[in-house]
Amino acid sequence: MREFTARFATAEEIEHWDKHVTANPNGGNLLQSEAFADVKQHFGWKPLHLVYETADYSSYNLVLEKSFPLLGKLWYLIKGPDVAGVEDIPGIIKQTGNS
């Protein structure tokens, strides 16, 4: 299993977010874009910008967070995480819980 680290994007990375998303292993997706994040903010979602890193590549992923009374917070990674292959998913899941 490939080892990943997870971190929140820097202000500079967020400023150029769409460029990073389109450089993802699978070419990114419109639903990971900053424009989509702006739209979702109007419907109560808080955009979070998460970066998964391994020795071979970085993956930039939009996470949408929403709070629900009594239940807590939900993170939604629409069309993500964007990884090079399905074998990378366990490593990503392991790090998502640590973010």
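Numbering (the working numbering), first residue to last: 3 to 101.
From the three backbone atoms N, C-alpha and C, an ideal C-beta is built for every residue, glycine too.
No experiment lies behind these values; they were computed from the predicted model shown.
Check, Outcome
"Determine which residues share a DSSP beta bridge with Asn63 and list them.", "Leu52"
"By the 10 Å Cβ neighbour count, where 16 or more other Cβ atoms means buried, how is Trp120 classified, buried or exposed?", "The structure shown does not extend to residue 120, since the chain is modelled only from 3 through 101, so no value can be given for it."
"Can you check which of these residues, Lys68, Tyr59, Ala11, is closest to Glu36 by C-alpha distance?", "Ala11"
"According to DSSP, which residues form a beta bridge with Leu76?", "Lys68"
"Taking the DSSP output, what are the residues bridged to Arg9?", "Val53"
"If you follow the alpha helix (DSSP H) that Gln43 is part of, which residue opens it and which one closes it?", "36-43"
"Would the segment 60-76 and the segment 18-35 be scored as touching if the rule is three or more Cβ pairs under 8 Å?", "yes"
"Where does Gly30 land, buried or exposed, given buried means 16+ other C-beta within 10 angstroms?", "buried"
"Quick one, which of Val88, Glu15, Pro83, Leu73 has its alpha-carbon nearest Thr98's?", "Pro83"
"Going by CA-CA distance only, name the one from Glu5, Asp58, Phe38, Met3 that's closest to Asn26.", "Asp58"
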